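Under our numbering, think of the first position of the sequence shown as 188, with each following residue one higher. All remarks here apply to the structure that follows.
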Amino acid sequence: MAVEVTMPKFGLTMHEGTIQRFFKAGGERVNAGEPLFEVETEKVLYQVEAPASGTLAIALFDEGATVECGLTVAVIAEPGEDVATVAARYSKSASQAARRDSPVTSAPINRSAAPKAGGRDRHAVSPVARKLASELGVDLDKIEGTGPGGRITREDVERAAKSAATLQPAISAAAPSIDRVAFRGVRKVIAERMYQSLHSSAQITITAEADVTPATEFRARLSSEFDFSYTDMMIHSVARALMRHPRMNARLNERGNDTEIVLCASANVGIAVALDEGLIVAVVNRAESKSLREIALESRALGEKARSGQLKLEDVTGGTFTITNLGMFAIDAFTPILNPGETGILGVGRIVEKPAVYRGEIAKRAMLWLSLTFDHRMVDGAPAAQFLQTVIELFNSGAK
Numbered sequence: 188m189a190v191e192v193t194m195p196k197f198g199l200t201m202h203e204g205t206i207q208r209f210f211k212a213g214g215e216r217v218n219a220g221e222p223l224f225e226v227e228t229e230k231v232l233y234q235v236e237a238p239a240s241g242t243l244a245i246a247l248f249d250e251g252a253t254v255e256c257g258l259t260v261a262v263i264a265e266p267g268e269d270v271a272t273v274a275a276r277y278s279k280s281a282s283q284a285a286r287r288d289s290p291v292t293s294a295p296i297n298r299s300a301a302p303k304a305g306g307r308d309r310h311a312v313s314p315v316a317r318k319l320a321s322e323l324g325v326d327l328d329k330i331e332g333t334g335p336g337g338r339i340t341r342e343d344v345e346r347a348a349k350s351a352a353t354l355q356p357a358i359s360a361a362a363p364s365i366d367r368v369a370f371r372g373v374r375k376v377i378a379e380r381m382y383q384s385l386h387s388s389a390q391i392t393i394t395a396e397a398d399v400t401p402a403t404e405f406r407a408r409l410s411s412e413f414d415f416s417y418t419d420m421m422i423h424s425v426a427r428a429l430m431r432h433p434r435m436n437a438r439l440n441e442r443g444n445d446t447e448i449v450l451c452a453s454a455n456v457g458i459a460v461a462l463d464e465g466l467i468v469a470v471v472n473r474a475e476s477k478s479l480r481e482i483a484l485e486s487r488a489l490g491e492k493a494r495s496g497q498l499k500l501e502d503v504t505g506g507t508f509t510i511t512n513l514g515m516f517a518i519d520a521f522t523p524i525l526n527p528g529e530t531g532i533l534g535v536g537r538i539v540e541k542p543a544v545y546r547g548e549i550a551k552r553a554m555l556w557l558s559l560t561f562d563h564r565m566v567d568g569a570p571a572a573q574f575l576q577t578v579i580e581l582f583n584s585g586a587k
């Protein structure tokens, strides 16, 4: 009996995933446990494995399609089954689903009866390509498809969007050249989450300039023993400060008509990692129980996994507080935006040596701006400021 492979649901907040690529083509042999297709969620890229061995009878969506959780993405025909029969049966279902779900972000492909492009029947156009063409203002009649049978693909539309010859006539030929980037994938997810954060919480940011000369001396003394960064020291300090100020390590939980503040038992500290395609937060779980050396090793491993696209779901979920560092870009202070659901996020600026009053005299000191954004629904300004003071004290003392 044919096996349906559905879009997985990795968490309560996941409603859909974007198919980045298929590892198998229709008619190709597939073994149980082999990667079948890759999904991009709001947090990670995830490879969905084939649940059974057999032959990939049909993939019901294009690469690039955004699919609701639970919908059938592909069908595997078991050994002995007639692959063509299975494919034909699901191809018909996909056609019906496309008509029923037409307002959804993307619709299944009807591979047996390709849709027409605005009355044209010269070539087929994939639903994803049609939607993208509409968004980018690309005239489909001016595109030669490179897909099977001349079908116009997403790549064809993206390529055409960069050519002034395929822009809509409303755009003057004399107008300066422009470039257009599709608003989707990680960029779209980040935008939605940041918008959600700002519109669902009462955010306020406080800043403090700290004399962190003791911290720089501490790092200089220990750096010969093992490699660690100021960010590692900050994770170490913040985790311990969260244990002393549990309201900063909490989240609101809505239960029907009631809302409660849930104090988290451990400090799962997220680190914002900037990638070419966007921002992702990797999490050091139970950071309050780990030594500085352990945190340094774990944060380095997470950073390498993030940059190589190998983060797992467990690497990016469960965070209770986030640290974001822009010091390497010569930024002093900024206003971080809360990760939705968390009470606080700490923005770390650069450490700069400058003249400062120290013990009644002008001296060269290492100074650091810290920007703490917190949800005013959960905690007030005074306790938030006390938390920030504790972070600074622990940072300067090596988090003893």
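Don't be surprised by glycine CBs; every beta carbon is placed ideally from N, CA and C. All values derive from a computational prediction rather than experimental measurement.
*At what residues does the beta strand (DSSP E) containing ILE422 begin and finish?*
As a working mapping, residue 422 is identified with position 235 in the sequence shown. Run containing ILE422: none in the beta strand (DSSP E); it sits in the alpha helix (DSSP H), 417-431.
_Can you tell me which residues form a DSSP beta bridge with ARG442?_
Against the sequence shown, residue 442 aligns to sequence position 255. For ARG442, which the question treats as bridged, DSSP gives the partners ASP445.
*Give the single residue among MET435, GLY267, ASP398 and VAL235 whose Cα lies nearest to the Cα of HIS661.*
Since the displayed the chain opens at 188 and closes at 587, residue 661 lies outside it and no answer follows.
*CB of GLY213 within 8 Å of CB of ALA264, strictly*: Walking along the sequence shown from the start, residue 213 turns up at place 26. Walking along the sequence shown from the start, residue 264 turns up at place 77. No, they are not a contact pair.
*Among ALA428, VAL260, VAL373 and GLU404, the one whose alpha carbon lies nearest that of SER278*: Residue mapping note: residue 278 aligns to position 91 of the sequence shown, counting from 1. Considering only alpha carbons, the answer is VAL260.
*Spatial neighbours of SER289 in its chain, beta-carbon cut-off 6 Å, leaving aside the 5 residues before and after*: Your numbering for residue 289 matches position 102 in the sequence shown. Confidence in SER289 is poor, its pLDDT being 38 and thus under 50, which makes the residue's placement unreliable; the coordinate value appears in the next sentence. Excluding sequence neighbours, SER289 sits near nothing in its chain.
*If you check the beta carbons only, do ASP502 and LEU484 fall under 8 Å apart?*
By 1-based counting over the sequence shown, the position of residue 502 is 315. By 1-based counting over the sequence shown, the position of residue 484 is 297. No; because the gap between Cβ atoms is not below 8 Å, this pair is not in contact.
*Is the region 375-385 close to the region 518-529, with three or more CB pairs under 8 Å?*
yes
*Return the Cβ separation of MET512 and VAL539 in integer angstroms, given the expectation that the two are a contact with Cβ distance under 8 Å.*
Locating residue 512 in the sequence shown gives position 325, counting from the first residue. Locating residue 539 in the sequence shown gives position 352, counting from the first residue. Just to set this straight, residue 512 is Asn in the shown sequence, not Met. That pair is no contact at about 14 Å.
_What would DSSP say about ALA189, mapped onto helix, strand or coil?_
On the sequence shown, residue 189 is found 2 positions in, with the first residue counted as 1. Of the three classes helix, strand and coil, the one that applies to ALA189 here is coil, per DSSP.
*Just how far apart, CA to CA, sit ARG537 and ASN440?*
Indexing the sequence shown from 1 puts residue 537 at position 350. Indexing the sequence shown from 1 puts residue 440 at position 253. Their Cα atoms are separated by approximately 35 Å.
*Please report the residue range of the beta strand (DSSP E) in which VAL260 lies.*
As a position in the sequence shown, residue 260 is number 73, starting the count at 1. Element bounds for VAL260: 259-264.
*asked:* Taking the straight line between their C-alpha atoms, what separation do you get for THR509 and GLY457?
replied: As a first step, residue 509 is located in the sequence shown; it is residue number 322 there, counting from the start. As a first step, residue 457 is located in the sequence shown; it is residue number 270 there, counting from the start. Those two C-alpha atoms are separated by around 4 Å.
*Measuring CB to CB, does PHE574 end up less than 8 Å from HIS432?*
The count along the sequence shown starts at 1 and reaches residue 574 at position 387. The count along the sequence shown starts at 1 and reaches residue 432 at position 245. Going by C-beta atoms, PHE574 is nearer than 8 Å to HIS432.
*Thinking SER486 and VAL471 are a contact (beta carbons under 8 Å), I'd like their distance in whole angstroms, please.*
Locating residue 486 in the sequence shown gives position 299, counting from the first residue. Locating residue 471 in the sequence shown gives position 284, counting from the first residue. Indeed, because the Cβ distance is near 6 Å, the residues count as touching under 8 Å.
_Delimiting residues of the beta strand (DSSP E) encompassing SER558_ = In the sequence shown, residue 558 corresponds to position 371, counting from 1. Where SER558 is concerned, the enclosing beta strand (DSSP E) stretches over 548-562.
*Supposed contact pair PRO222 and GLN234 - C-beta distance, whole angstroms, cut 8 Å*: In the sequence shown, counting from the first residue as 1, residue 234 sits at position 47. In the sequence shown, counting from the first residue as 1, residue 222 sits at position 35. With a Cβ gap of about 4 Å, GLN234 and PRO222 count as contacting.
*If you drop the 5 nearest sequence neighbours on each side, which residues of the same chain put their C-beta closer than 6 Å to that of ARG579?*
Within the sequence shown, numbered from 1, the residue matching residue 579 stands at position 392. It is Ile, not Arg, that sits at residue 579 in the sequence shown. These residues qualify, in order along the chain: ALA397.
_Can you tell me whether ASP398 is helix, strand or coil according to DSSP?_
By 1-based counting over the sequence shown, the position of residue 398 is 211. Residue state, collapsed to three classes: strand.
_Rounded C-alpha distance that separates THR507 from PHE561_ = For the purposes of this step, residue 507 is taken as the residue at position 320 of the sequence shown. For the purposes of this step, residue 561 is taken as the residue at position 374 of the sequence shown. The alpha-carbon atoms of THR507 and PHE561 are separated by roughly 12 Å.
*asked:* In whole angstroms, give me the CA-to-CA distance for LEU319 and ARG341.
replied: Along the sequence shown, read from residue 1 onward, the residue named residue 319 stands at position 132. Along the sequence shown, read from residue 1 onward, the residue named residue 341 stands at position 154. So the two alpha carbons sit approximately 7 Å from each other.
*MET430 and GLU475 look like a contact to me (Cβ under 8 Å); what is the Cβ gap, rounded to whole Å?*
Locating residue 430 in the sequence shown gives position 243, where the first residue counts as 1. Locating residue 475 in the sequence shown gives position 288, where the first residue counts as 1. Their Cβ separation, rounded to whole angstroms, is 5 Å, which keeps MET430 and GLU475 in contact under 8 Å.
_Short Cβ contact (8 Å threshold) for GLY204 with VAL254_ = Taking the sequence shown and counting its residues from 1, the one referred to as residue 204 is at position 17. Taking the sequence shown and counting its residues from 1, the one referred to as residue 254 is at position 67. The answer is yes: Cβ separation under 8 Å.
*Straight-line Cα distance separating GLU491 from ILE467*: One-based indexing of the sequence shown puts residue 467 at position 280. One-based indexing of the sequence shown puts residue 491 at position 304. About 12 Å.
*By DSSP, does THR253 sit in helix, in strand, or in coil?*
Position 66 of the sequence shown, counted from the first residue, corresponds to residue 253. Of the three classes helix, strand and coil, the one that applies to THR253 here is strand, per DSSP.
_Tell me the DSSP secondary structure of THR392 in three-state form._
Here residue 392 is taken as the residue at index 205 of the sequence shown, counted from 1. The answer is strand: DSSP assigns THR392 an E or B state.
*Return the Cβ separation of ARG181 and LEU462 in integer angstroms, given the expectation that the two are a contact with Cβ distance under 8 Å.*
This structure gives no information on residue 181, because the portion of the chain shown stretches from 188 to 587.
*With a CB to CB cut of under 7 Å and the five nearest residues on each side skipped, what residues in its chain are close to THR400?*
If you number the sequence shown from 1, residue 400 lands on position 213. Excluding sequence neighbours, THR400 sits near ARG552 and ALA553.
*Can you tell me whether DSSP reads ARG473 as helix, strand or coil?*
Translated into positions along the sequence shown, residue 473 becomes position 286. Three-state DSSP puts ARG473 in coil, outside helix and strand.
*Shortest alpha-carbon distance to CYS451 belongs to which of PHE582, GLY531 and LEU557?*
The residue you call residue 451 lines up with position 264 of the sequence shown. Selected option, being the one with the closest Cα: GLY531.
*Any idea if PHE516 is buried or exposed, counting beta-carbon neighbours within 10 angstroms, 16 or more meaning buried?*
Reading the sequence shown from its first residue, position 329 is the one you call residue 516. It is exposed - the Cβ of PHE516 has fewer than 16 other Cβ atoms within 10 Å.
*Give the C-beta separation of ALA347 and ILE365 to the nearest angstrom, bearing in mind that I take them to be a contact with Cβ-Cβ under 8 Å.*
Taking the first residue of the sequence shown as 1, we reach residue 347 at position 160. Taking the first residue of the sequence shown as 1, we reach residue 365 at position 178. In fact, because the Cβ distance is near 14 Å, the residues do not count as touching under 8 Å.
*By DSSP, does ALA244 sit in helix, in strand, or in coil?*
Along the sequence shown, one-based indexing puts residue 244 at 57. ALA244: strand per DSSP, three-state reduction.
*Mapping DSSP to helix, strand and coil, what is LEU484?*
Within the sequence shown, residue 484 is the residue found at index 297, counting from 1. Note: LEU484 maps to helix in three-state DSSP.
*asked:* Can you tell me whether GLY220 is helix, strand or coil according to DSSP?
replied: As a first step, residue 220 must be located in the sequence shown, where it is residue number 33. Here GLY220 sits in coil by DSSP.
*Are MET194 and GLY257 closer than 8 Å when you measure CB to CB?*
Sequence index remark: in the sequence shown, residue 194 carries index 7 (1-based). Sequence index remark: in the sequence shown, residue 257 carries index 70 (1-based). A contact, by the Cβ cut-off of 8 Å.
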